[in-house]
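Numbers given in my numbering equal positions in the sequence shown, counted from 1, plus 6.
Please read the structure below before turning to the comments.
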Amino acid sequence: MALWIQAQQLQGDALHQMQSLYGQHFPIEVRHYLAQWLEAQPWDAIDLENQQDEFKAKRLLDGLIQELQRKAEHQMGEDGFLLKIKLGHYATQLKSSYDPCPLELVRCVKHILYTEQRLVQEASNASSPGLGPVDGTPQRYQQINQTFEELRVMTQDTENDLRKLQHSQEYFIIQYQESLRIQAQLSSLASIPPAERVQRESGLQSRKSTLEAWLTREANTLQKYRQELAEKHQRTLALLRKQQTVIVDDELIQWKRRQQLAGNGGPSEGGLDILQAWCEKLADMIWQNRQLIRRVEHLTQQLPIPGPTEELLTDLNATVTDIISALVTSTFIIEKQPPQVLKTQTKFSATVRLLVGGKLNVHMNPPQVKATIISEQQAKALLKNENTRNDSSGEILNNNCVMEYHQTTGTLSAHFRTMSLKRIKRSDRRGAESVTEEKFTVLFESQFSVGGNELVFHVKTLSLPVVVIVHGSQDNNATATVLWDNAFSETGRVPFVVPDKVLWPQLCEALNMKYKSEVQSDRGLSEDNLVFLAQKAFSSSSNNTEDYCNMTITWSQFNRESLPGRNFTFWQWFDGVIELMKRHLKSHWNDGAILGFLNKQQAQDMLMSKPNGTFLLRFSDSEIGGITIAWVAENPNKAERMVWNLMPFTTKDFSIRSLADRISDLNHLLFLYPNQPKEEVFSRYCTPPNSKAVGDGYVKPEIKQVVKVENDSMLDTEGEFDLDETMDMARQVEEFLRQPMETQWNERLSGPWQ
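Written as structure tokens, this is what we have:
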């Protein structure tokens with residue numbers, strides 16, 4: 007009953023829409039007096055398309071009749087007497103109307119309740135925009151489906167009215183033809199004798215007058231029917247446009263945003279099946295209403311009656327064409343984006359899809375899609391509808407593809423599998439902008455017709471911005487441009503404007519998303535990790551997270567200006583960490599073995615309270631993509647404990663010997679911070695000992711890591727071991743190790759290798 011109480015408080019157009027739901031098919035008095043009973047019944051549990059549910063519908067109809075009769079019997083007094091008669095009449099009327107097909111009653115009541123719920127929700131949102139319901143997917147989906155049901159009923163109702171109009175008009179034409187026949191008879195009376203003429207003329211004139219009076223009244227009635235029908239079309243098209251806005255401007259835009267964030271490592275954007283089903287329903291209903299409007303036009307042309315209907319129909323035609331055009335152009339989308347860092351002379355792929363292609367039978371004459379790369383300025387001009395035909399900023403090979411219809415999935419799409427960017431034409435750069443900050447986009451466009459060439463559409467869609475590189479060394483900076491754009495672009499922006507600065511927590515979210523995706527780990531960046539990154543980005547010493555919450559970081563700080571005392575940017579350092587982790591240390595990060603985001607002083611403070619031989623792994627501050635081992639041990643020269651730091655390992659080092667093997671080799675490393683025996687953590691990742699069996703005259707050498715601490719000369723100026731002199735001699739002895747030996751041998755390197 008709560009819904010009915012709220013519905014009675016509607017005002018203005020919403021109240022008018024609610025009242026229009028009721029009539030002889032379902033009187034508003036029934037809704038009022040049986041409100042609690044109606045809202046308590048399981049209407050949604052009945053499948054209108056399943057004839058087996060007709061029995062359930064019959065029980066609801068019988069229950070409704072019984073409730074009406076019971077309510078009527080309890081009416082007392084003078085006013086109650088009249089209501090008793092009225093409710094009894096309604097019970098008889100509803101039983102007569104719906105007994106042959108009780109499912110129609112269910113359809114009617116569901117439509118009423120759904121529409122009331124929508125009107126109440128809209129009124130609630132309008133009055134309290136900040137107090138709306140939580141945006142849950144099931145609720146949004148339910149609302150969309152309810153609106154579709156409402157549209158279906160409205161369209162069916164309009165079609166029924168059109169059929170009645172057509173029958174009335176046909177009868178009118180028959181009577182009009184009769185009036186013409188009578189007029190012809192009157193004209194022919196001049197040839198008969200006067201006495202007979204007077205007698206027959208009197209009867210014909212009487213019939214003519216009566217018929218003309220009826221025709222005048224009926225013409226006014228037909229004009230009224232046409233006007234009402236046009237107004238119904240207006241309401242249907244208004245709701246269609248509103249539903250299209252929800253699906254195309256809200257749901258589809260959200261999907262595109264998820265697709266963009268997926269480029270930064272966010273969750274998958276999800277499939278398009280639900281969106282396509284909605285868009286196809288929209289296309290179907292829009293096309294049905296377009297055909298109905300055309301039928302009304304045909305009726306008005308068949309029997310012209312002066313009035314405002316013709317102008318209304320012209321407006322309706324324009325409106326429905328505009329709606330279908332907007333739907334078609336908006337649902338030509340990129341299902342699989344081209345790579346956002348695009349290297350010349352390298353194959354790449356992309357997929358475009360027309361969500362309403364199957365429903366509109368576009369595949370009967372499959373259209374061709376063309377791909378072109380254009381600059382940011384050309385994209386801006388394109389969206390302003392400026393003439394950019396034949397403009398491009400490069401040459402893409404294999405850039406034409408025919409759309410294919412897949413019967414099993416009902417999808418119409420074009421798969422570009424072997425495109426390649428042959429050349430690129432760059433624009434003049436602005437200020438300090440580098441080539442890896444310049445954005446392009448791939449334009450996909452096509453042309454096709456629907457309805458037997460009745461409507462012709464030229465559709466186009468732009469890819470997410472791409473950065474073009476010619477060498478792998480540019481990948482790092484190009485990725486920074488893409489990450490910043492994907493994370494901070496706004497819906498509906500001018501291509502490809504992004505803010506120059508963002509709040510630090512916003513960047514943290516983007517970095518964490520990227521890190522987890524690249525390292526393929528559920529273990530993201532902790533609060534302490536993010537504080538460390540903030541200290542690095544802002545050259546700050548504060549350990550308080552809240553100190554950074556309102557700070558902003560600019561694009562220049564992110565990847566244009568070098569960090570203090572370094573020759574690389576903040577992003578270049580962070581991206582180096584990502585590359586190292588995903589190539590060699592992913593498992594160790596997932597195990598929690600790598601703390602990583604610590605500076606040298608923090609490592610020292612943590613280790614000095616632990617037993618000798620305790621070590622931890624942290625990322626190097628001084629080298630991109632470097633990780634170092636810090637451990638606590640005695641200083642043989644000063645008879646005191648100190649923290650030692652190995653020179654950083656990089657990808658190059660781990661391609662020779664893994665981290666687990668290196669830690670296993672170093673006997674003075676005993677416990678991983680805080681107190682785990684290293685064997686428990688790293689032994690399962692160690693390389694099994696090599697077999698000494700000789701194959702074709704060669705043996706595999708066994709390389710081991712050692713560190714000899716003899717005096718302070720082994721340390722660099724920052725107290726780190728210089729691995730160039732103390733460790734990796736593998737390359738120097740590579741040729742020696744390749745020499746064939748006639749007998750088995752074990753090679754042990756003197757000095758730092760053994």
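Cβ atoms here follow ideal geometry from the backbone N, Cα and C, with glycine treated the same way.
Once you ignore the five residues that flank H594 on each side, which residues in its own chain have a CB closer than 7 Å to its CB?
-> I600, L665
Could you give the DSSP three-state label for L531: helix, strand or coil?
-> coil
Buried versus exposed, by CB contacts within 10 Å (16 or more), G271 | buried
Going straight from the alpha carbon of K818 to that of F446, what length do you get?
-> This structure cannot settle anything about residue 818, because the visible part of the chain is limited to 7 through 760.
Nearest-angstrom Cα separation, counted from L40 out to E73 | 7 Å
When we look at the beta-carbon of F61 and count the other beta-carbons within 10 Å, is it buried (16 or more) or exposed?
-> exposed
Write down every uninterrupted run of the alpha helix (DSSP H) in the region 220 to 272 whose length is 4 residues or greater and which is fully enclosed by it, in chain order.
-> Entirely contained in the region 220 to 272, the alpha helix (DSSP H) runs reaching 4 residues are, in chain order, 259 to 268.
I475 burial status per 10 Å Cβ neighbour count (16 or more: buried) = buried
Per DSSP, F454 forms a beta bridge with which residues?
-> F463
In chain order, what residues of the same chain have a beta carbon less than 8 Å from the beta carbon of W49, not counting five sequence neighbours either side?
-> L66, V112, V115, K116, L119
Kindly list the residues whose CB is nearer than 7 Å to the CB of D141, restricted to its own chain and excluding five residues on each side of it in sequence; keep chain order.
-> Low confidence applies here, because D141 scores a pLDDT of 42, under 50, leaving its location unreliable; read the following figure in that light. Excluding residues up to 5 positions away in sequence, nothing lies with its Cβ nearer than 7 Å to the Cβ of D141 in the same chain.
With a Cβ-Cβ cutoff of 8 Å, do I311 and Q229 count as a contact?
-> yes
Specify, as a first and last residue, the run of the alpha helix (DSSP H) that M24 falls within.
-> 18 to 25
Around the Cβ of V358, are there at least 16 other Cβ atoms within 10 angstroms (buried) or fewer (exposed)?
-> buried
Segment limits, beta strand (DSSP E) that includes S423 | Looking at the sequence shown, residue 423 is not Ser but Arg. Here the beta strand (DSSP E) through R423 covers 417 to 430.
Which class does C285 belong to by DSSP, given the choice of helix, strand or coil?
-> It is helical.
Between A13 and the rest of its own chain, which residues show a CB-CB distance below 8 Å, the 5 nearest in sequence each way excluded?
-> So the qualifying residues of the chain are M24, E122, L125, V126.
How long is the line joining the alpha carbons of L9 and T315, rounded to whole angstroms?
-> The straight-line gap from Cα to Cα measures roughly 37 Å.
Quick one, which of E128, A51, K64, L70 has its alpha-carbon nearest Q15's?
-> E128
How big is the Cα-Cα spacing for D730 and R690?
-> Low per-residue confidence applies at D730: pLDDT is 42, beneath 50, and the placement is therefore not dependable, though the value from the model is reported in the following sentence. Between D730 and R690, the C-alpha separation is close to 28 Å.
Tell me, please, whether the region 290 to 298 touches the region 203 to 215 by the rule of three or more beta-carbon pairs shorter than 8 Å.
-> Segments in contact, no.
Can you tell me which of the three DSSP states K644 falls into?
-> coil
Could you give the distance in angstroms between the alpha-carbon of L235 and the alpha-carbon of H304?
-> 14 Å
Ignore the nearest five residues each way along the sequence and tell me which others in Y96's own chain have a CB closer than 7 Å to its CB.
-> P33, E35, V36, L74
So what does A568 bridge to, in DSSP terms?
-> In the sequence under discussion, the amino acid at residue 568 is Ser, which differs from the Ala named in the question. For S568, which the question treats as bridged, DSSP gives the partners T575.
Check whether the region 404 to 421 touches the region 523 to 532, counting contact only when three or more Cβ pairs, one atom from each stretch, lie closer than 8 Å.
-> Segment contact: the region 404 to 421 against the region 523 to 532, fewer than three CB-CB distances shorter than 8 Å; contact not assigned.
So does the region 250 to 261 actually touch the region 163 to 182, counting three or more Cβ pairs closer than 8 Å?
-> No, they do not touch.
Using a Cβ-Cβ cut-off of 8 Å (strictly less than) and excluding sequence neighbours within five positions of R213, which residues of its own chain qualify?
-> I188
Where the alpha helix (DSSP H) containing Y39 begins and where it ends = In this chain, the alpha helix (DSSP H) harbouring Y39 covers 34 to 39.
Rounded to whole angstroms, what's the CA-CA distance from G631 to E567? Just pull it up for me.
-> 18 Å
Straight-line Cα distance separating A324 from L844 = The chain is shown only over 7 to 760; residue 844 falls outside these bounds and no answer can be derived.
Below 8 Å between beta carbons: does that hold for V649 and Q610?
-> yes
Considering only the beta carbon of each residue, do T558 and V508 sit closer than 8 Å?
-> yes
Ranges of the beta strand (DSSP E) found wholly within the region 501 to 556, counting only runs of at least 3 = 507 to 509
Whole-angstrom C-beta distance between I662 and L586, which should lie under 8 Å = No, L586 and I662 are not in contact; Cβ-Cβ is about 14 Å, not under 8 Å.
For G364, count neighbouring C-beta atoms within 10 Å of its own C-beta (all shown protein chains included) and say buried if the count is 16 or more, exposed if not.
-> buried
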